[in-house]
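See structure below.
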Amino acid sequence: MNDNQVEEVIETKSEKKKVEDHDDILVKQLCEGLDTYKKNRLSTFLSSFMAGLEIGFSFLVVVIVYSFLDGKVDKEFIPYIAAFVYPLGFILVVLGKSVLFTEQTSLLSLPVLGGRKTLSDLMALWGIVILGNLVGGYLIGGFLVWIGPELGIISISGITNLAEHVNHFSREVILASSVLAGWLMALLSWIITSTHRATGKILIIYVITFIIALAGLHHSIVGSIEVFAGFLVTDKITIMDYLTFQGTSLFGNALGGVVFVAILKYGAFLANNSKSKK
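Position one of the sequence shown corresponds to residue 25 (the numbering used here), numbered consecutively onward.
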């Protein structure tokens, strides 16, 4: 298909009022991605910053579980128990419409694949979103590291155990794990687009992020808070440990979201509509 044919299909399907099939979902995601590009950069940063703060509640409930069960349950079982509460922060972020990097990877890359935005536009917007997410994460992480022990709901050992659990893998394993997490988060964004009821959206968010937590996959923004918190409270996590983890997980999440969702689903869209033109 040439650019004019793609434009024609997009405009035709954009007029539909309800999401009905694969193509409708892709067009709706493309339109949402374009809307994000049109927003004021400060607005995007603030929304990303809020997402970084809000996703910190996933860290909060998980580290509470780690702290409460420390010494009471075998350490090997704690991550699986914590997986049940891990999705709570994601529910707040996604339903609140804050801009979270891993949910936006495929969404923001679709306008580039469609020829409406350039790669430099994508990199610039990704940079703003990542910066906002990380700064918000640092702030909430540092605050929770202080207030948690003061309230008696978080222990230093709980923070340390969580950070070590997230960061003890090799760089290759973290990269591969992050690709899978990025893939799942992009699928979350995709499926949410086809769902209209809040209860349905909550269920989708819960199931997908529960899978991420249960499998121990690496999410670059939640993981950033977890490892950063560990860096603040223990010498076992160094600044290089944090930076290595952060760079690897960001790259993996982006790769998973763009390749496995954006490119493949856009390719399916082109193939389907090229066939229909014949």
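The beta-carbon is built from N, C-alpha and C at its ideal position, and this holds for glycine as well.
Rounded separation between residue i and residue j - CA only
| i | j | result |
| --- | --- | --- |
| Gly-166 | Ala-253 | 7 Å |
| Asp-303 | Val-285 | In this structure the chain extends from 25 to 302, so residue 303 is not present and cannot be described. |
| Ser-244 | Gln-270 | 6 Å |
| Leu-93 | Gly-247 | 20 Å |
| Val-159 | Leu-294 | 38 Å |
| Leu-146 | Ser-133 | 7 Å |
| Lys-42 | Ser-218 | At Lys-42 the pLDDT is 49, less than 50, meaning the model places this residue with poor confidence; the figure from the coordinates comes in the next sentence. In a straight line, the C-alpha of Lys-42 is about 9 Å away from that of Ser-218. |
| Lys-289 | Val-51 | 11 Å |
| Lys-62 | Gln-53 | 14 Å |
| Leu-211 | Val-282 | 11 Å |
| Ile-215 | Gly-151 | 25 Å |
| Leu-274 | Ser-202 | 8 Å |
| Phe-81 | Ser-179 | 16 Å |
| Lys-96 | Pro-103 | 14 Å |
| Leu-70 | Gly-139 | 27 Å |
| Gly-156 | Thr-60 | 15 Å |
| Gly-169 | Val-257 | Position check: residue 169 holds Val in this sequence, whereas Gly was assumed. Straight-line Cα distance between these residues: approximately 8 Å. |
| Phe-255 | Leu-204 | 25 Å |
| Glu-127 | Arg-221 | 19 Å |
| Phe-114 | Ser-213 | 12 Å |
| Val-251 | Asn-277 | 16 Å |
| Gly-17 | Phe-193 | This structure cannot settle anything about residue 17, because the visible part of the chain is limited to 25 through 302. |
| Leu-267 | Ala-237 | 22 Å |
| Tyr-230 | Ala-106 | 13 Å |
| Leu-149 | Ala-187 | 29 Å |
| Val-109 | Cys-55 | 32 Å |
Coil, strand or helix - residue i by DSSP
| i | result |
| --- | --- |
| Val-109 | coil |
| Val-24 | There is simply no residue 24 to check, as the chain begins at 25 and stops at 302 in what is shown. |
| Leu-241 | coil |
| His-189 | helix |
| Ser-133 | helix |
| Lys-121 | coil |
| Arg-65 | helix |
| Thr-258 | coil |
| Gly-224 | helix |
| Ile-229 | helix |
| Gly-57 | helix |
| Gly-138 | coil |
| Ile-49 | helix |
| Ser-181 | helix |
| Val-43 | Note that Val-43 scores 43 on pLDDT, short of 50, meaning its location in the model is unreliable and no value can be drawn from it. |
Extent of the continuous alpha helix (DSSP H) to which residue i belongs
| i | result |
| --- | --- |
| Phe-92 | 80-93 |
| Arg-195 | 195-217 |
| Ile-152 | 143-175 |
| Ala-278 | 263-281 |
Among the options, nearest to residue i - alpha-carbon criterion
| i | options | result |
| --- | --- | --- |
| Trp-207 | Asp-265, Leu-112, His-242 and Phe-255 | His-242 |
| Phe-125 | Gly-57, Thr-258 and Ser-144 | Gly-57 |
| Leu-116 | Pro-103, Val-85, Leu-274 and Ile-79 | Ile-79 |
| Gly-76 | Asn-64, Val-118 and Ile-49 | Val-118 |
| Ser-72 | Phe-255, Thr-184, Tyr-162 and Val-169 | Tyr-162 |
| Val-89 | Leu-137, Gly-172 and Gly-182 | Gly-182 |
| Phe-101 | Ala-239, Glu-250 and Asp-259 | Ala-239 |
| Asp-265 | His-189, Val-123, Leu-66 and Ser-67 | His-189 |
| Lys-121 | Ala-292, Asn-277, Gly-276 and Lys-225 | Lys-225 |
| Gly-291 | Ser-130, Ala-237 and Leu-227 | Ser-130 |
| Thr-272 | Val-136, Val-231 and Val-197 | Val-197 |
| Ile-261 | Arg-65, Leu-137 and Asn-191 | Asn-191 |
| Ile-235 | Pro-111, Leu-66, Glu-174 and Phe-83 | Pro-111 |
Residue i at chain D interface by Cβ criterion, 9 Å
| i | result |
| --- | --- |
| Leu-204 | Annotation note: the requested chain D is absent from the structure, which comprises a single protein chain. |
Residue i: CB within 8 Å of a non-hydrogen atom of the ligand FMN
| i | result |
| --- | --- |
| Phe-81 | As presented, the structure is devoid of all ligands, the ligand FMN included, so that no description of it is given. |
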